[in-house]
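Data first, discussion second: the structure below is written as structure tokens.
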Amino acid sequence: MSNIDKQALLVSKAKVSVFTMGYISQFEASDIDSDDIDLRFEVDGVETGTTVSIVDECGHAAQIITALLDELEHYKSREERVTKLVLDNSTSWDALYKKLEAAEKRIAEQREYYEGVIADGSKRIAELERSETQLINERDSAESALNDAYKAVMGQAPEWSNWFSFENAIDEIELACEQWRNQTDDVIQFRQRIQELEAKLANPVLLPKTNGYWNEQEKAYEEAITLAKQRIRMAGFRCEGDE
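Structural data, given as structure tokens:
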């Protein structure tokens, strides 16, 4: 049983004892001729009563009074100890109060600081969100431009996937352009060769002329020149005097 329950029970017993002793005190001394006394009273309109022993009730009341005095002494002693503790620690209480004030001040400062940090963080988040939107727009523009470039070079639109990214498209475009450059170099070389050949065709081949003498040696020389002209014309060149 707790101290509170014991105190409540003691108070209840004390009230009953006070009621009984008060009732007995209403009797005249001449009406009491023995230790037992008949108590009569009415409860809720019904008359009832009991027989009690004056000696027993007095002893019971004495026990209750003693218990109440003990409780009173206990609480008085406890109150004195608490009062002494408070007085002895008054300096400590002041120090604790000052510490509490300092802590509350630090909390207020920290709150102000973190509110500022939160405000700055919110501002930075807004800036990052704007930057993210801008990056998304730039990415979309780059994707559109790359899509057009790929279609122009490769003849079809790219099919984006996890296995075909922007880098893959750029690599293919660069490879195709490199092949074109190589082909262009070959074409340039072919054109230069054609120009050289055309220049040769434009300038007739000059062969030595005979002196008009027709001895055997000269006839052989003339036949050699004629054969050379035939071979030159078969190769696609002109000889002097050709139209």
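In the numbering used here, the protein residues as written are 181 to 423.
Heads up, the beta-carbon is just placed ideally off N, CA and C, and yes, glycines get one too.
Chain-order list of residues whose beta-carbon lies under 7 angstroms from that of residue i (same chain, five-residue window excluded)
i: I353; result: A329, Y330 and V333
Counted within 10 angstroms of its Cβ, other Cβ atoms place residue i as buried (16 or more) or exposed
i: T200; result: buried
i: A349; result: buried
C-alpha distance - residue i paired with residue j, whole-angstrom precision
i: L189; j: E208; result: 32 angstroms
i: E260; j: V232; result: 41 angstroms
i: A299; j: A288; result: 16 angstroms
i: F344; j: E312; result: 24 angstroms
i: H426; j: A247; result: Since the first residue of the chain shown is 181 and the last is 423, residue 426 is not available in this structure.
i: T364; j: E402; result: 47 angstroms
i: P338; j: S321; result: 15 angstroms
i: R130; j: Y294; result: A query on residue 130 cannot be resolved here, the shown segment of the chain reaching from 181 to 423 and no further.
i: R258; j: A283; result: 32 angstroms
i: K409; j: R373; result: 23 angstroms
i: I368; j: A356; result: 18 angstroms
i: D305; j: Q290; result: Note that residue 305 is Ile in the sequence shown here, rather than Asp. For I305 and Q290, the distance between alpha carbons rounds to 22 angstroms.
i: N239; j: Q187; result: The amino acid at residue 239 is misidentified as Asn; the sequence shows Gly. G239 and Q187: Cα-Cα distance of roughly 20 angstroms.
i: Q359; j: S324; result: 24 angstroms
i: L280; j: L308; result: 41 angstroms
i: A242; j: V262; result: 30 angstroms
Beta-carbon proximity of residue i to residue j, cut-off 8 angstroms
i: E237; j: I212; result: no
i: D215; j: I234; result: yes
i: F346; j: L315; result: no
Residues that DSSP places opposite residue i in a beta bridge
i: S341; result: F344
i: V196; result: Paired residues: none, contrary to the question.
i: T231; result: D218
Contacts around residue i, its chain only, beta-carbon distance under 8 angstroms, and the 5 residues preceding and following it disregarded
i: I244; result: L190, K193, A194 and S197
i: L252; result: none
i: S302; result: none
Same chain, Cβ closer than 6 angstroms to residue i, neighbours up to 5 away in sequence not counted
i: D185; result: none
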